[in-house]
Amino acid sequence: MIRDGDDDTERGDEAMVASDGEKARLALDVFAHFETEPGELLAAGNLLSIAAMNGWETTAVVASYEHGKTLGWFEDGPDGTVTITPAGRAQI
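Here the sequence shown stands for residues 465 to 556, numbered as in this note's numbering.
Okay, structure coming up:
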């Protein structure tokens with residue numbers, strides 16, 4: 465899985481052909497890091513914090529989360545929180 469900007473710039477279009485599931489896996493990695501269960505709320509800022517700690521591009525993590533929402537893996541929660549769905553948890 466491509467996780468940092470250096471690989472993206474080195475590989476160019478190759479990075480763009482990732483499957484839809486692969487695109488959403490970046491955000492899944494963050495939920496897995498926190499061992500988040502369906503219905504548990506995670507501050508959206510935690511997605512960005514883990515991205516920064518791993519050298520991942522913020523825009524890639526946000527896009528990953530948004531794409532995961534279209535797959536039914538994530539949902540927005542109240543007050544700037546996010547959660548993983550049972551379908552998303554099953555992907556971890």
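In this text, a Cβ means the ideal position worked out from N, Cα and C, and glycines have one as well.
Pick from the options that is closest to residue i, judged by C-alpha positions
i	options	result
residue 528	501, 508 and 504	508
residue 539	495, 521 and 487	495
residue 514	531, 491 and 502	491
residue 550	502, 541, 543 and 542	502
residue 545	511, 532 and 497	511
Extent of the continuous beta strand (DSSP E) run through residue i
i	result
residue 547	545-548
residue 539	538-540
Collapsed DSSP secondary structure at residue i in the structure displayed
i	result
residue 551	helix
residue 506	strand
residue 557	In the structure as shown, the chain starts at 465 and stops at 556, and residue 557 therefore has no counterpart that could be examined.
residue 498	coil
Boundaries (first-last residue) of the alpha helix (DSSP H) holding residue i
i	result
residue 556	Counting along the chain, residue 556 falls outside any alpha helix (DSSP H), and DSSP gives it neither H nor E.
residue 530	522-534
Where residue i falls, given that 16 or more other Cβ within 10 Å makes a residue buried
i	result
residue 534	exposed
residue 552	buried
residue 524	buried
residue 522	exposed
residue 488	buried
residue 548	buried
residue 532	buried
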